[in-house]
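Participant: Residue 162 in the numbering used here sits at position 19 of the sequence shown; the count goes up by one each step and never skips. Here a beta-carbon is modelled for each residue, glycine too, at the ideal position from N, C-alpha and C.
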Amino acid sequence: MAKKERYIKLDKDKVKEIADIKGVSTVTVYAALKFQTDSALAMLIRTWALSHGGKLFEEAENPYQNVVTL
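1. Going by DSSP in three states, Lys159 sits in which element: helix, strand or coil?
2. Could you tell me which residues DSSP puts in a beta bridge with Leu199?
3. With contact counted as at least three CB pairs below 8 Å, one residue from each stretch, are the region 192-203 and the region 151-166 in contact?
4. If you count every other CB in all the chains shown that lies within 10 Å of the CB of Thr212, and 16 or more means buried, which is it?
5. Any beta carbon from chain D within less than 7 Å of Val172's own beta carbon?
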């Protein structure tokens with residue numbers, strides 16, 4: 144099975160804010176929000192994003208994939 148995708152959705156203004164606070168580029172912030180990096184800084188960015196209105200989205204298996212006909 145393929146790797147399940149997950150990401151944190153955050154407003155562009157908040158992305159710019161965290162980039163300015165941590166002194167990094169917005170590309171770095173987006174990479175952390177897409178779970179493409181797994182450093183201490185990336186974990187800090189994700190934690191900050193979730194505590195400031197970010198929403199975590201995770202791909203889930205379809206529970207209705209196997210249909211049972213009664």
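Facilitator: Walking through what the data contain:
1. helix
2. Ile151
3. yes
4. exposed
5. Absence of chain D from the displayed structure is noted, only one protein chain being present.
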